[in-house]
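Here the structure is laid out as structure tokens; the discussion comes afterwards.
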DNA sequence: ACTAATGTACGAACTGGTGAGTTAGTAATA
DNA sequence: TATTACTAACTCACCAGTTCGTACATTAGT
């Protein structure tokens, strides 16, 4: 982010704090996602950088804070993407399906982010808790869901009694699991959930599931 | 799981290989689940045991193999539980709902197992791949799903064109996510997915979702 | 007596973090 | 313009504390 492209210096070694920080974050993101927080080595991260380990401590303070910074940037990317959601011109059913599909696509396109979130959950979300930035940023996607849901429920199209957060959990769980548990699931059941050939199948399955749930005829009560 | 109830041996230091191994596995399971593979310390695991670090290497060979052994036992517990599934006397709709509920309960009751699976996924399921035991054991639950599904599809009750593995993925994803992503989800959206007061709500939501998906009227095609 | 099981002590390699000094950019001043 | 003064950006070498693993001694059970 904010790469200060200095046009003059072609090859490299100009002094550029923003660039150095961004490079550290790039490498750290890969490393943390690859081997987890405890598994990552500050020395290795530094080695993959064009700068030194000292700079990591200079800019971020420590391994823990570096991980927090990585998380903050990763969540920032998500939020940016969510802000570009443009589905409210559709009817509620189509809008929800489209939203589910975009969530599906986004998870598929950002496996590193999903690994980071898995790792952060193993650590009890302590870095998120420790971060000011990540504390109270509501999800734009949640607002969108809220409005679509209200519209669909008002018109009687949606019969399910869910709120936006729960629906978001439902959609996310499928998208997240498909990527996060790809390896164990594949090893145990012999099916690659992220097989490109099955992509459309699972994308449709998610949409069908969500719409079926929202529009199912409620017999009783 | 396979707790160390040795009835005969009164207090302590009798020589009992099986018991020592089981104790090591108990502690190792907790530690690995708590802080991940790289985060776990062999010395700490040993310290929480009534035996010594030497025994870990004596019986398991090393940290990596210990983790594999922990995984093997954890999956064994799951398989045992799945073998006690008894839902096929119900009609397909009720059977699937019941199966989903049991899966839901099981995930909730074994958060350590879920953490281990998350961790194993971060490591690309390499330990499962390296294990002979975990290689080719089909899931009993999968067989049950397969039969219920076939029955429901034959009778026309189930309109969805899913197979057992995909349905298992769908059910698991919700159950798994609810526990595995509890912390980040709670931190970001302010809702505890594992709040006991919401338990029935989410349990019903899962059942409704799966049944709605399976029985949804397929308009087109 | 013999062996499986167990405990103690130790070390080589690693790991996060830091101390201390250097270089590049920049703006004020002469 | 040249000089000086200042600071952000950076490098290198090292430390203090861990961490996995093992050599060796010892004990319990048969």
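Residue numbers (full-length UniProt numbering), protein chains in the order written: chain A, 1 to 221; chain B, 1 to 221. Note that beta-carbon positions come from the ideal geometry of N, C-alpha and C, so glycine has one too.
Per the Cβ contact rule, the region 178-189 of chain A is in contact with the region 131-148 of chain B (3 or more Cβ pairs under 8 Å).
Here the C-alpha atom of residue 152 of chain B lies approximately 5 Å from the C-alpha atom of residue 92 of chain B.
Interface annotation, residue 172 of chain B: in contact with chain A, CB-CB separation under 8 Å. Per DSSP, residue 218 of chain A lies in no alpha helix (DSSP H) and is assigned neither H nor E. If you draw a straight line from the Cα of residue 218 of chain A to the Cα of residue 49 of chain A, it is about 58 Å long. By the 16-neighbour rule on beta-carbons within 10 angstroms, residue 52 of chain A is exposed. Annotation note: the region 111-154 of chain A contains the following uninterrupted alpha helix (DSSP H) runs of length 4 or greater, listed N- to C-terminal: 111-122, 126-130, 140-154. Taking a 10 Å sphere around the C-beta of residue 86 of chain A, we find fewer than 16 other C-beta atoms and assign the residue as exposed. Contact between the region 154-165 of chain B and the region 159-176 of chain A is absent: fewer than 3 CB-CB pairs across the two stretches fall below 8 Å. If you draw a straight line from the Cα of residue 103 of chain A to the Cα of residue 20 of chain A, it is about 32 Å long.
Around the beta carbon of residue 14 of chain A, fewer than 16 other beta carbons lie within 10 angstroms, which makes this residue exposed. Proximity of residue 213 of chain A to chain B, defined by a Cβ-Cβ separation below 8 Å, is satisfied. For a Cβ distance threshold of 9 Å, nothing in chain B lies close to residue 42 of chain A: the least Cβ distance comes to about 13 Å.
With respect to the 8 Å criterion, residue 177 of chain B and residue 172 of chain A are classified as neighbours on the basis of their beta carbons.
Within a 10 Å sphere around the beta-carbon of residue 107 of chain B sit 16 or more other beta-carbons, which makes this residue buried. Within the region 116-133 of chain A, the residues whose Cβ lies closer than 7 Å to some Cβ of chain B are 117, 118, 119, 120, 121, 122, 124, 125, 128, 129, listed in chain order.
When CB distances to chain A are screened at a threshold of 9 Å, the residues of the region 178-190 of chain B falling below it are 178, 180, 181, 182, 183, 184, 185, 186, 187, 188, 189, 190, in chain order. Residue state for residue 157 of chain B is assigned as coil, using DSSP reduced to three classes. Closest by C-alpha distance to residue 113 of chain A, out of A:71, A:18, A:80, is A:71.
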